[in-house]
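Working notes for the structure below.
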Amino acid sequence: MMKLRTKVCSLSLAISAVSSMTYAQDQASALEEVMVTGIRASLQGAIEEKRAASNLIEVIQSEDIGKLPDQNLAEVLENITGVQITREGGVGVGVQIRGTDANRTEINGVSTVGSGSGRTGISFEDVSAAMISAVEVTKAPEAKTIEGSVGGTINLRTIRPLELKETLGSIRVQGEHSDLSSDGGLTPRVSGTWGDNWSTNAGEFGAVISASYAEMDVTDFRPRVDRDNLVLAGQNPTADYDHLPVQFLQQDYDNYEYETKNVSASFEWAPNDDTKLYFDAVVNDQERRQESHRIQASGVADVARTALITDYETINFGTIRGENGPQAIGSIRAVTKGILLPQQTGNLDPNLRTSTDTNARVTDSNIFRLGGEWSGDKTFVRVEASTSDSESNTPNFSTTLNFINPNSASTSTRIDNGVPFEFDLTGGSLTFGIAQGLATTPTKEQLLDPANYVIASVNQSNNLIKNQEDAFRVDFRYDVDMAGITSVEVGYRYNETSSLKDVSGSNFTISDRRNSPTGDMFASVLSAGPDNFNAADGRKLYVKDFLLVDPAKSFSDPDAVMAALNAAIVANNTANNRTQAQISSPTSTAASFFDISEETNSLYGQVNFEYGIFRGNAGLRYLETKVNSRGNSVVNGVATPNVETGSYDFVLPRINLVADVRDDVVVRAGWGKDIRRPDFDDLSTSVAFQTSENQAVAIGNPGLEPEEVTSFDLSAEWYFAPSSVLSAGIFHKVRTGLHVTQTQDAYSEPGTGYRDTTAPCEAGGIWNPIAVRNTLAPPEENGLQGICVPTSSKVNGAGETTQKGIELAFQYDLSEFEDTLGWASGFGFITNYTFQEFSGGDTYQTPTSRADQVFTLLGHPDVTLRAALLNLSENAYNITAFYEKYDISARIRYTWRDAFSTNNYGSGSDPWGFYAIQEARGQLNASINYDVTEALNIGVEAINLLRSDTRQSCVNEGGLLCFQGLTDRRVTFGATYKF
């Protein structure tokens with residue numbers, strides 16, 4: 016940090032010196048305005064910028080002040096060929112460029128930092144699209160492009176003050192409605208922008224200030240059904256064949272409430288034609304609040320052999336490609352309809368549990384940039400210092416209650432008892448509910464009676480993550496005219512990047528019913544859950560009536576909720592002469608703490624050339640990085656600080672060649688190298704435990720070096736009409752030094768699949784003291800904490816992976832035929848298609864012990880699966896039609912992407928041991944705006960008009976349906992006033 020302060024002081028002195036030397040020079044004339052209005056104008060400006068570039072870039076410009084094509088920046092980027100996005104609850108949160116998430120995000124050319132341990136940068140839901148005037152994606156880097164991206168670099172650009180021709184003023188007010196929200200009503204969005212510049216005796220001054228406030232209420236229903244066990248022929252009289260039984264049922268109701276505040280400001284001063292000084296500030300404040308819940312049917316495996324099965328389907332696992340080559344696994348039956356009858360003796364399964372998941376991410380991030388530019392007859396110099404920081408807190412207060420069924424057998428010690436369930440998995444839907452009409456069926460009144468619920472567990476955490484990057488750079492260009500060389504550029508950049516994580520947690524469980532107070536003793540913090548789980552698809556089977564710890568109270572006042580639960584524990588101890596300990600507040604987990612810093616020095620040299628029809632650039636970028644990783648080693652409960660270091664350096668050549676083969680045809684080629692640094696979690700010497708018994712414990716490696724990426728691009732662009740283009744391109748990327756996960760499995764008992772539940776896990780794995788035992792432990796131990804789990808660590812592998820693909824794009828409008836078509840000349844079309852594939856890699860996934868039993872039965876005891884690149888769809892396309900005429904501006908866009916591998920499961924774990932497959936999905940968005948006057952515009956925007964759901968299959972595409980995501984349709988109404 017001291018180094019950066021020294022450089023900032025040097026920068027300030029340099030700026031002052033330049034200002035003193037140039038103050039008396041002529042004032043700068045106003046630059047041509049670059050703001051665009053309307054769909055056609057934005058498309059025209061983007062095409063011109065792409066066409067003039069000496070490398071391969073894609074650009075989207077705003078249609079009006081603060082109006083990009085979509086409200087969400089990830090949705091905006093989806094308009095670009097080669098770009099796909101992932102969604103959570105229907106909201107775009109992740110962007111893949113050419114099949115990979117390993118990209119970088121900048122704002123005005125300044126690196127951003129994220130809210131987690133990744134390297135991509137600021138989260139797209141943290142930045143309001145209303146602040147951004149243009150989005151630029153660099154697919155083929157130049158030597159001066161900052162390193163760190165595999166797919167591309169995303170640069171979010173704000174309005175530049177000295178490029179304004181007149182005073183800029185705009186305010187927009189909107190309200191958004193979400194179909195599945197139980198709250199109803201509208202959530203507000205307000206944004207405004209003001210900007211102007213002035214000519215004075217001291218030169219040109221300019222300022223632009225933008226601010227936005229937005230709320231969003233997003234709901235996502237995610238039913239989950241596990242069928243990853245095995246019942247052999249003869250073990251169930253109603254299904255006398257080998258089959259996959261129901262193993263677990265979950266009704267997951269996810270609700271996320273966003274509150275986002277953004278402010279950006281830019282100031283520029285040009286004392287003369289040759290000099291410009293600038294300062295940018297971007298301040299973001301977001302609260303992402305989760306008030307979700309889950310209804311679980313647990314202990315289902317224990318009644319698999321007594322279930323009343325009435326229907327089944329045949330699952331074909333297809334061909335799995337692993338270490339032993341392709342293996343045609345074959346088919347097996349899986350149950351689809353039936354009733355799970357509760358046991359009246361023994362373990363008293365299956366059980367009904369209700370869990371409240373209240374989580375949040377509260378993030379404050381800031382980006383500041385201070386710099387100056389000076390240009391002479393043949394020289395250009397830029398000096399800039401910047402800082403980006405992000406501080407995130409993730410408070411969590413989650414609880415689980417067990418329902419005690421008054422109509423079913425129970426004991427004084429068991430924390431749960433049997434509840435009958437009915438399931439129907441036909442028709443592509445995962446539905447289940449409480450079976451009706453049986454002697455053991457609880458009534459609505461019983462399900463809503465607090466006295467029938469007991470505390471099972473309370474999990475709390477409040478993690479702190481601080482990320483920061485301080486940077487200083489100097490760029491120099493010298494114009495020449497020698498043998499086709501037009502200019503030479505050199506530059507230096509220093510940056511210090513750091514990441515700190517402090518994990519605090521508290522995990523509380525009760526396994527003896529006598530120690531758990533009943534809900535009537537803490538009824539003040541209970542509430543009935545939403546009864547609209549059928550709102551998305553009209554399902555008949557679902558759990559409608561239940562109680563849970565109030566999610567809103569758990570989030571807004573967790574201390575009060577904990578006090579109420581502890582008071583109930585004390586009252587129960589007094590009434591029943593028990594000694595149950597109370598719930599404690601979260602405490603820092605020394606074993607999970609890390610503080611990592613990196614210092615990087617980089618140099619580049621680049622030659623720009625133009626000769627005949629050819630133009631482009633060629634150069635080298637050199638970097639060296641030192642890594643310092645500080646964490647804790649915990650032995651016998653004693654934490655000892657430890658520091659480990661690492662270092663690496665790379666030379667990255669980059670070449671871009673453009674040929675203007677005709678006035679309307681451009682051919683581009685690019686070749687270059689880049690790196691992808693490991694996530695900070697992968698560098699940490701500390702460990703972090705999760706409560707899931709399925710989740711491996713990650714152990715970091717400070718010596719892990721970046722992956723190296725070699726890329727080749729070739730494309731052709733035909734600009735056959737104004738605002739129109741037809742383009743085709745290919746890309747090829749090879750990654751070496753792969754970040755390969757090495758996993759040590761935890762020992763599982765043959766036959767049962769149960770894990771070791773006694774430390775220190777001599778047979779394999781690591782002891783996780785807070786993991787809750789469930790399906791991987793004997794039923795009588797369910798709910799207890801502590802079990803052996805796998806470990807995983809990243810190393811640089813010897814293999815390589817390849818990403819390659821084809822990109823096609825077409826853009827055209829009918830405006831040139833206005834005289835012939837009249838009103839119909841307002842139509843235009845945009846479409847793009849991407850094909851991409853992934854190959855190589857030495858990472859293989861192994862099935863769980865239960866899944867291995869299934870594969871062994873089918874004749875394949877040694878199945879492994881080559882790990883796919885996450886979030887890569889082989890095929891994807893967008894089709895947009897727009898109309899702009901007679902003060903009407905309308906757009907409708909359909910986007911579709913093929914199936915892809917994902918680790919974003921409905922459960923947080925993969926029941927078969929492999930990545931899930933998110934099936935192909937399309938989505939329809941639309942908007943229409945009308946200019947009431949030159950100053951006033953009104954409009955409506957709709958996201959996910961058809962309420963398309965997401966589906967995830969286990970093992971293979973189109974195979975065993977495991978998870979569903981029933982997402983919102985969101986409609987936004989609003990007005991914009993310009994002055």
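Letter by letter, the sequence shown follows residues 16 to 994 of the working numbering.
Positions of the beta carbon are idealized from the N, C-alpha and C atoms, including for glycine.
Quick caveat, the model's predicted, so the values are computed rather than measured.
Is the separation between the beta-carbon of VAL165 and that of LYS748 shorter than 8 Å? yes
Return the Cβ separation of PHE294 and ARG384 in integer angstroms, given the expectation that the two are a contact with Cβ distance under 8 Å. 7 Å
For a cutoff of 8 Å on Cβ pairs, would you count LEU719 as touching chain B? The structure shown contains no chain B; it holds only a single protein chain.
Beta strand (DSSP E) segment containing GLN76, residue limits: 72–76
Using DSSP's beta-bridge definition, name the partner residues of CYS776. Looking at the DSSP assignment, CYS776 forms no beta bridge with any residue, so it has no partner.
Roughly how many whole angstroms lie between the Cα atoms of ALA89 and THR120? 12 Å
Between the segment 456–476 and the segment 344–358, do at least 3 Cβ pairs fall closer than 8 Å? no
When burial is assigned at 16 or more other CB atoms within 10 Å of the CB, is ASP664 buried or exposed? exposed
May I ask you to report which of helix, strand or coil DSSP gives TRP927? coil
Let me know if ASP696 comes out buried or exposed under the rule of 16 or more other beta-carbons within 10 Å of its beta-carbon. buried
Neighbour-count burial assignment, GLY129, 16 or more Cβ in a 10 Å radius: buried
Go through the segment 839–924 residue by residue and report every complete run of the alpha helix (DSSP H) that reaches 4 residues or more, in order. 864–872
Start-to-end residues for the alpha helix (DSSP H) that takes in MET231: No alpha helix (DSSP H) holds MET231; the beta strand (DSSP E) holding it covers 218–241.
Where the beta strand (DSSP E) through LEU836 begins and ends: Segment 833–836 is the alpha helix (DSSP H) holding LEU836; no beta strand (DSSP E) there.
Please classify ALA575: does DSSP put it in a helix, a strand, or coil? helix
Between ARG172 and ILE147, is the Cβ-Cβ spacing less than 8 Å? yes
Applying the criterion that 16 or more other CB atoms from any shown protein chain within 10 Å of the CB defines a buried residue, is GLU272 buried or exposed? buried
When DSSP builds the beta bridges, which residues end up paired with GLN262? DSSP lists no partner for GLN262.
For ASP141, the three-state DSSP class (helix, strand or coil): helix
Under a Cβ-count criterion, where at least 16 other Cβ atoms within 10 Å of its own Cβ denotes burial, should LYS555 be classed as buried or exposed? exposed
According to DSSP, is ASN118 part of a helix, a strand, or is it coil? coil
Taking 8 Å as the cut-off, decide whether the C-beta atoms of VAL106 and ASN87 are in contact. yes
Please report the Cβ distance between GLU722 and ILE690, rounded to the nearest whole angstrom; I am assuming they are in contact, meaning their Cβ atoms lie under 8 Å. 7 Å
I need the boundaries of the alpha helix (DSSP H) containing GLN59, first residue and last residue. 54–67
Spatial distance of ASP610 from ASN411 (CA atoms): 22 Å
Same chain only: Cβ atoms within 6 Å of LEU887, ignoring 5 sequence neighbours per side: GLY114, PHE853 and PHE915
Under the three-state reduction of DSSP, which class applies to ASP41: helix, strand or coil? Confidence at ASP41 is low in this model, with a pLDDT of 39, below 50, so its placement is unreliable and the value that follows should be read with caution. ASP41 falls in the coil class under three-state DSSP.
Classify ASP527 as buried or exposed, calling it buried when 16 or more other Cβ atoms lie within 10 Å of its own Cβ. exposed
Nearest candidate by alpha-carbon position, reference ILE500, set GLU889, ASN623 and VAL278: ASN623
Any idea what DSSP makes of ASP404, helix, strand or coil? strand
Out of TYR507, GLY687 and ALA144, state which residue places its alpha-carbon closest to the alpha-carbon of ALA229. ALA144
Could you say which of ALA486, ASP517, ASP946 and GLY685 lies nearest to ASN477 if we only look at CA atoms? ASP517
Kindly indicate which residue of SER521, SER425 and GLY337 has the alpha-carbon position closest to the one of THR602. SER521
Can you tell me the Cβ-Cβ gap for THR849 and ILE802, rounded? I've got them flagged as a contact below 8 Å. Not really, about 43 Å apart at Cβ, beyond 8 Å.
So, for THR987: in the same chain, excluding its five sequence neighbours on each side, which residues have a beta-carbon less than 6 Å away from its beta-carbon? GLN189, GLU191 and GLU956
Which runs of the beta strand (DSSP E) spanning at least 3 residues fall entirely within the segment 251–323, listed in chain order? 263–287 and 290–313
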